Amino acid sequence: KQEVTQIPAALSVPEGENLVLNCSFTDSAIYNLQWFRQDPGKGLTSLLLIQSSQREQTSGRLNASLDKSSGRSTLYIAASQPGDSATYLCAVRPTSGYNKLIFGAGTRLAVHP
Amino acid sequence: GAVVSQHPSWVICKSGTSVKIECRSLDFQATTMFWYRQFPKQSLMLMATSNEGSKATYEQGVEKDKFLINHASLTLSTLTVTSAHPEDSSFYICSASGVSYNEQFFGPGTRLTVL
Chain A
264 KQEVTQIPAA LSVPEGENLV LNCSFTDSAI YNLQWFRQDP GKGLTSLLLI QSSQREQTSG
324 RLNASLDKSS GRSTLYIAAS QPGDSATYLC AVRPTSGYNK LIFGAGTRLA VHP
Chain B
559 GAVVSQHPSW VICKSGTSVK IECRSLDFQA TTMFWYRQFP KQSLMLMATS NEGSKATYEQ
619 GVEKDKFLIN HASLTLSTLT VTSAHPEDSS FYICSASGVS YNEQFFGPGT RLTVL
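Chain order of the listed sequences is A and B.
Per this note's numbering, the first sequence starts with residue 264, numbered consecutively.
Per this note's numbering, the second sequence starts with residue 559, numbered consecutively.
Here it is as structure tokens:
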């Protein structure tokens with residue numbers, strides 16, 4: 264059974280720091296891995312999607328890497344800003360089970376001025 | 559990306575009543591829709607997957623008679639919480655994917671509070 268774990272569960276940093284959020288999954292049989300952002304009481308915003316054949320994806324100050332064989336992904340946030348404060352969720356799409364997503368519990372990020 | 563809407567965004571109801579939540583894909587045909595439930599400070603748990611015109615597939619532990627899902631068209635799926643109780647209070651999020659898409663697009667969520 265696929266399980267997704269995110270570390271740390273919560274993070275509080277001063278503005279300007281570079282951050283690394285970690286995601287691990289137990290079964291490497293995945294189509295892709297996706298990082299989402301969720302603001303309190305809101306839905307999900309997709310940040311980056313990495314196909315299983317890819318090693319990384321970049322969007323602005325965000326960079327996500329994927330090491331499928333070791334079951335790990337990292338989300339790197341450069342020069343963090345207070346507006347980055349949110350919960351970041353990692354999800355994998357297993358090769359079995361049509362288009363299902365398995366989510367981690369998330370990392371709650373607070374960036375203070 | 560594609561846009562998915564949910565209605566209502568929040569609802570408060572009395573225990574024992576039924577509540578219907580709508581999920582719509584606004585600019586694409588959603589062949590598959592998904593319903594998730596999220597408790598405070600917890601992650602999303604998939605409740606069920608529905609394909610247009612077919613019965614929904616429920617995840618283990620989800621009561622199909624309590625959470626009725628209908629996916630009657632390529633742009634609309636509904637989740638009805640029947641005989642709601644306080645423990646059904648939660649944040650319900652839907653997502654949708656279509657033939658042309660390799661990913662799910664998420665709605666903004668519906669906050670259900672059962673008194």
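Beta carbons are placed, not taken as given, at the ideal position from N, Cα and C, and that holds for glycine.
Every value quoted in this text rests on a predicted model; they were computed, and no experiment measured them.
Check, Outcome
"Where residue 375 of chain A falls, given that 16 or more other Cβ within 10 Å makes a residue buried", "exposed"
"Where residue 303 of chain A falls: helix, strand or coil (DSSP)", "coil"
"Bridge partner(s) assigned by DSSP for residue 330 of chain A", "A:335"
"CB contact below 9 Å: residue 667 of chain B versus chain A", "yes"
"Where residue 277 of chain A falls: helix, strand or coil (DSSP)", "strand"
"Contacts of residue 309 of chain A in chain B (Cβ-Cβ under 9 Å)", "559, 661, 662, 663 and 664"
"Residue 643 of chain B classed as buried or exposed, judged by whether at least 16 other C-beta atoms fall within 10 angstroms", "exposed"
"Chain A within 9 Å of residue 638 of chain B, Cβ atoms only", "no"
"Closest Cα partner of residue 640 of chain B within the set B:602, B:574, B:614 and B:601", "B:574"
"Three CB pairs or more closer than 8 Å across the segment 348–356 of chain A and the segment 624–641 of chain B", "no"
"Beta-carbon separation (whole angstroms), residue 569 of chain B vs residue 668 of chain B, contact threshold 8 Å", "7 Å"
"Within 9 Å, strictly: CB atoms of residue 297 of chain A and residue 313 of chain A", "yes"
"Backbone secondary structure at residue 645 of chain B - three-state DSSP", "helix"
"As assigned by DSSP and simplified to three states, the class of residue 271 of chain A", "coil"
"Neighbour flag for residue 366 of chain A against chain B, beta carbons, 9 Å", "yes"
"Residue 357 of chain A - containing beta strand (DSSP E), residue span", "349–357"
"Test: residue 564 of chain B CB closer than 9 Å to a CB of chain A", "yes"
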